[in-house]
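Taking the working numbering, the leading residue of the sequence shown gets 1, the next gets one more, and so forth.
The C-beta atom is built at its ideal place from N, Cα and C for all residues, glycine as well.
Keep in mind the model is a prediction, meaning the values are calculated, not measured.
One structure below.
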Amino acid sequence: MKNAAPSRKELSHERIVAAAARAIRRNGFSGAGVADIMKDAGLTHGGFYSHFPSREAMLAEATDRAGAETVGLAESAAASVPADQALEAMLGAYLSEQHINNPDVGCPMAALSSELARQAPEVRRAATRRMKEMVDVIARQLPTWGTPEAHERALFLVATMVGAVSLARAVDDPSLAGRLSKAAFKYARSSGEESQK
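Pasting the structure below:
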């Protein structure tokens, strides 16, 4: 039996969430205004509350969507190569110049980490859930997967990746931005290799 096609309201809701996910990564939470998001979604501002009870509810869904996209990209990078190259592929994709230069479609943690502490609990829960998922995806690529050591190493790797991309985006020196991402890649990769010993 086929699933029913999404309703018009469901399609509109999806467009709003997608527009909000781009907006928060591009402009931050405070720069993600409802009117602009609705316009980007091709809808009127007045229809917002038929989709969300509050702006915070929309931001939580947008944060969740952005995090899910990042996890999906990491999983795709890992699946595109032999298993013994998966961690390197994930690191390379995350620390790439393309990711650094396109925050509106990149990792929400790298774009928003400094703002998340001041957000509503439901927004922080969404970010936390997706960060934990990213840690798990990384941990599964380590030979010591399933151990506390693998989880700790994955936490370190995610912190390194997010920090490097955040800093590379913050500086106004492209050469320094490139060195930041290359250094993070080099030492994160060697940390992953150490777990094989």
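Beta-carbon spacing of residue i, residue j below 7 Å
i           : j           : result
residue 15  : residue 104 : no
residue 97  : residue 189 : no
residue 168 : residue 159 : no
residue 59  : residue 162 : no
residue 137 : residue 34  : no
residue 184 : residue 95  : yes
residue 150 : residue 164 : no
residue 108 : residue 67  : yes
residue 79  : residue 166 : no
residue 77  : residue 93  : yes
residue 40  : residue 57  : no
Residue i classed as buried or exposed, judged by whether at least 16 other C-beta atoms fall within 10 angstroms
i           : result
residue 61  : buried
residue 119 : buried
residue 142 : buried
residue 198 : Not covered by the structure: residue 198. The range shown for the chain is 1 to 197.
residue 171 : exposed
residue 192 : buried
residue 45  : exposed
residue 82  : exposed
residue 6   : exposed
residue 146 : exposed
residue 106 : buried
residue 130 : buried
residue 4   : exposed
residue 179 : exposed
residue 181 : buried
Close beta carbons around residue i, own chain, < 7 Å, minus the five adjacent residues each side
i           : result
residue 28  : 112 and 115
residue 100 : 165, 168, 169, 177 and 181
Residues of its chain near residue i, where Cβ-Cβ distance is below 8 Å and the 5 sequence neighbours each way are ignored
i           : result
residue 47  : 12 and 38
residue 9   : 50 and 51
residue 155 : 135
residue 148 : none
Cutoff 6 Å; reference residue i; Cβ partners in own chain excluding five residues on either side
i          : result
residue 64 : 126
residue 22 : 104
residue 30 : none
residue 74 : 90 and 137
Practice problem: With a floor of 3 residues, list each beta strand (DSSP E) that falls wholly inside the region 130–183, ordered by position along the chain. | Solution: none
Practice problem: Return the chain-ordered ranges of every alpha helix (DSSP H) run that is complete within the region 18–104 and spans a minimum of 4 residues. | Solution: 34–40, 55–79, 86–94 and 97–101
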